[in-house]
Amino acid sequence: MNRPLDLDTAEAFRTERLVDVLIPTRNRPAELAVTLAGLAAQEGVPGFGVVVSDQSDGDPAYAHPAAATMVRALRHRGHPVLLTRRLPRRGLAEHRAYLLAASAARYVLSLDDDVWLEPGALHRLVTAIGELGCGFVGNGVHGLSYTDDRRPETHGHYEEWIGRPTPERIRPGTPEWDRARIHSAANLLHVTGELALPPGAWRAYKISWIGGCVLYDRAKLVDSGGFDFWRKVQEKHQGEDVAAQLSVLARHGGAGILPSGAYHLESPTTVTERDVEAWEVVLADEDTPQPA
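For what it's worth, our numbering labels the leading residue of the sequence shown as 1048, then goes sequentially.
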């Protein structure tokens, strides 16, 4: 029988580690188990922490035996795991802000609950952000059911950084905004194959935003406002990750990293009410002229 989990405490968890992984989840016990299994197989980043914050309608997803086993596997391998519930729900941005506040690590990986990371992915991201010194790096997620669906018209949006990323102010309607097209389907997988990188090599490329797997320099994310804009947007929103990344890009720069070790589970979304794009609200506020 699966015994009750030790949830840990926020006070005991919040210490100055190199990396914490922040996972918001709702109604996805199977997907969460797969996501945690990917983390449990990571090497090269000893002692990283994991925070799982659940907003399920019923029992928390981490209570499912498969997910609970992966929590125990992570702890057995030396990774602190904090299990929390954040109810009532106040929207995606508020949930992200809550997770961010739970960490005191140098870097925080914002990881969705439907993404599997291949072994070595976290180490590559940590190496990249350390060398690049920017606000965040990310892995665009592959949809493997699209492996045979080649879209060469999107490949032109791939452009590598030469040297360290520099701050960029990116807005809709610009060529820079269209960079996000490279992250649809399996486009990034196809671009990576064409590059034929030698083992261990990676490349940083220009982005507008990345969903699902983003490693932030926590201090730079906080300096850019984090997810505190949640108070300005109504509860039924999406695009909170876009809003945060645009702010970090403008101050500290950011990059996508190839090869990506992030794979989307392609499960149905649990965000079914999306009345507002959070980034539209944030950009409208930032771009409104202030009184003299």
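In this text, a Cβ means the ideal position worked out from N, Cα and C, and glycines have one as well.
Since the structure is predicted, the reported quantities are computational estimates derived from the model, not experimental observations.
What whole-angstrom Cβ distance do P1135 and A1108 have, given they're in contact under 8 Å? Numbered from its first residue, the sequence shown carries residue 1135 at position 88. Numbered from its first residue, the sequence shown carries residue 1108 at position 61. No, P1135 and A1108 are not in contact; Cβ-Cβ is about 17 Å, not under 8 Å.
Just to confirm, are G1182 and D1288 a CB contact at a threshold of 8 Å? Position 135 of the sequence shown, counted from the start, is the residue given in the question as residue 1182. Position 241 of the sequence shown, counted from the start, is the residue given in the question as residue 1288. Not closer than 8 Å, so no.
How big is the Cα-Cα spacing for H1123 and V1092? Reading the sequence shown from its first residue, position 76 is the one you call residue 1123. Reading the sequence shown from its first residue, position 45 is the one you call residue 1092. If I take the Cα positions, the gap works out to 15 Å.
With D1067 as the anchor, note down where its beta strand (DSSP E) starts and where it stops. If you number the sequence shown from 1, residue 1067 lands on position 20. 1066 to 1072 is the span of the beta strand (DSSP E), which, as asked, contains D1067.
Separation of V1280 from V1318, as counted between CA atoms: Here residue 1318 refers to the residue found at position 271 of the sequence shown. Here residue 1280 refers to the residue found at position 233 of the sequence shown. Going from the Cα of V1318 to the Cα of V1280 covers about 15 Å.
Return yes when the Cβ of G1190 is within less than 8 Å of the Cβ of A1232, no when it is not. For this step, residue 1232 is matched to residue 185 along the sequence shown. For this step, residue 1190 is matched to residue 143 along the sequence shown. Result yes, Cβ atoms of A1232 and G1190 sit closer than 8 Å.
Measure the beta-carbon distance from W1326 to G1272 and round it to whole angstroms, keeping in mind my assumption that it falls under 8 Å. For the purposes of this step, residue 1326 is identified with residue 279 of the sequence shown, where counting begins at 1. For the purposes of this step, residue 1272 is identified with residue 225 of the sequence shown, where counting begins at 1. Not a contact, Cβ separation roughly 13 Å.
With distances taken between CB atoms, is the gap from F1274 to A1144 smaller than 8 Å? As a working mapping, residue 1274 is identified with position 227 in the sequence shown. As a working mapping, residue 1144 is identified with position 97 in the sequence shown. Yes, the pair counts as a contact, with Cβ atoms nearer than the cut-off.
So, with DSSP's three-state summary, where would you put G1301? The count along the sequence shown starts at 1 and reaches residue 1301 at position 254. Here G1301 sits in strand by DSSP.
What's the C-alpha gap between V1099 and G1180? Residue 1099 sits at position 52 when you count from the first residue of the sequence shown. Residue 1180 sits at position 133 when you count from the first residue of the sequence shown. Going by the C-alpha atoms only, they are around 27 Å apart.
What residue from I1217, L1086, L1158, H1237 has the CA that sits closest to S1192's CA? Taking the first residue of the sequence shown as 1, we reach residue 1192 at position 145. Closest in C-alpha terms to S1192, from the list I1217, L1086, L1158, H1237, comes H1237.
Among residues of its own chain, excluding the 5 on either side of A1148, which ones have a beta-carbon nearer than 6 Å to its beta-carbon? Translated into the one-based positions of the sequence shown, residue 1148 becomes position 101. Same-chain partners within the cutoff: there are none.
Supposed contact pair G1094 and R1064 - C-beta distance, whole angstroms, cut 8 Å: Taking the sequence shown and counting its residues from 1, the one referred to as residue 1064 is at position 17. Taking the sequence shown and counting its residues from 1, the one referred to as residue 1094 is at position 47. Between G1094 and R1064 the Cβ distance is about 6 Å, and since that is below 8 Å, they are a contact.
If distances are taken between C-alpha atoms only, which option among T1213, D1067, H1230, W1208 comes closest to E1200? Here the question's residue 1200 lines up with position 153 in the sequence shown. Closest option to E1200, Cα to Cα, is H1230.
Given 8 Å as the limit, is there contact between the segment 1152 to 1162 and the segment 1065 to 1075, that is, 3 or more CB pairs closer than that? Taking 8 Å as the limit for Cβ pairs, the verdict is that the segment 1065 to 1075 does touch the segment 1152 to 1162.
Leaving out five residues on either side along the sequence, give the residues of the same chain with a beta carbon under 7 Å from the beta carbon of G1259. The residue labelled residue 1259 in the question sits at position 212 within the sequence shown. D1159, V1162, V1188, A1309, H1311, listed in sequence order.
Kindly indicate the opening and closing residues of the alpha helix (DSSP H) around A1110. Counted from its first residue, the sequence shown places residue 1110 at position 63. Segment: none, A1110 is in no alpha helix (DSSP H) and carries neither H nor E.
Give me whichever residues DSSP pairs with E1324 in a beta bridge. On the sequence shown, position 277 is the one that residue 1324 refers to. Answer is Q1285, bridged to E1324.
In whole angstroms, what is the alpha-carbon distance linking I1209 and Q1292? Looking up residue 1209 in the sequence shown gives position 162. Looking up residue 1292 in the sequence shown gives position 245. Roughly 21 Å between the two C-alpha positions.
Around the Cβ of S1314, are there at least 16 other Cβ atoms within 10 angstroms (buried) or fewer (exposed)? Locating residue 1314 in the sequence shown gives position 267, where the first residue counts as 1. The residue in question, S1314, is exposed, as its Cβ has fewer than 16 Cβ neighbours within 10 Å.
Short Cβ contact (8 Å threshold) for A1251 with P1212: Position 204 of the sequence shown, counted from the start, is the residue given in the question as residue 1251. Position 165 of the sequence shown, counted from the start, is the residue given in the question as residue 1212. Remark: C-beta atoms of A1251 and P1212 approach each other more closely than 8 Å.
Cutoff 8 Å; reference L1268; Cβ partners in own chain excluding five residues on either side: Mapped onto the sequence shown, residue 1268 falls at position 221. So the list reads L1147, V1155, G1182, F1183, A1291, V1295, once near-sequence residues are dropped.
Could you check the C-alpha separation between E1324 and D1195 for me, to the nearest Å? Walking along the sequence shown from the start, residue 1324 turns up at place 277. Walking along the sequence shown from the start, residue 1195 turns up at place 148. About 31 Å.
R1298: which of I1254, R1137, W1256, R1216 sits nearest, CA to CA? On the sequence shown, position 251 is the one that residue 1298 refers to. Comparing Cα-Cα distances from R1298 to each of I1254, R1137, W1256, R1216, the minimum goes to R1216.
Is it buried or exposed, P1306, if we count other Cβ atoms within 10 angstroms and call 16 or more buried? As a position in the sequence shown, residue 1306 is number 259, starting the count at 1. P1306 should be labelled buried.
Can you check DSSP and say which residues form a bridge with Y1145? The sequence position of residue 1145 within the sequence shown is 98, counting from 1. Per DSSP, none; premise fails for Y1145.
Hey, L1052 and V1097: beta-carbon distance below 8 Å or not? As a first step, residue 1052 must be located in the sequence shown, where it is residue number 5. As a first step, residue 1097 must be located in the sequence shown, where it is residue number 50. Here L1052 is not near V1097, since their CB atoms are 8 Å or more apart.
Nearest CA to the CA of W1224: which residue from R1198, I1257, G1247, P1245? Position 177 of the sequence shown holds residue 1224. In terms of Cα proximity to W1224, the closest of R1198, I1257, G1247, P1245 is I1257.
Across which residues does DSSP place L1156 in a beta bridge pair? Stepping through the sequence shown from its first residue, residue 1156 is reached at position 109. V1068, L1262.
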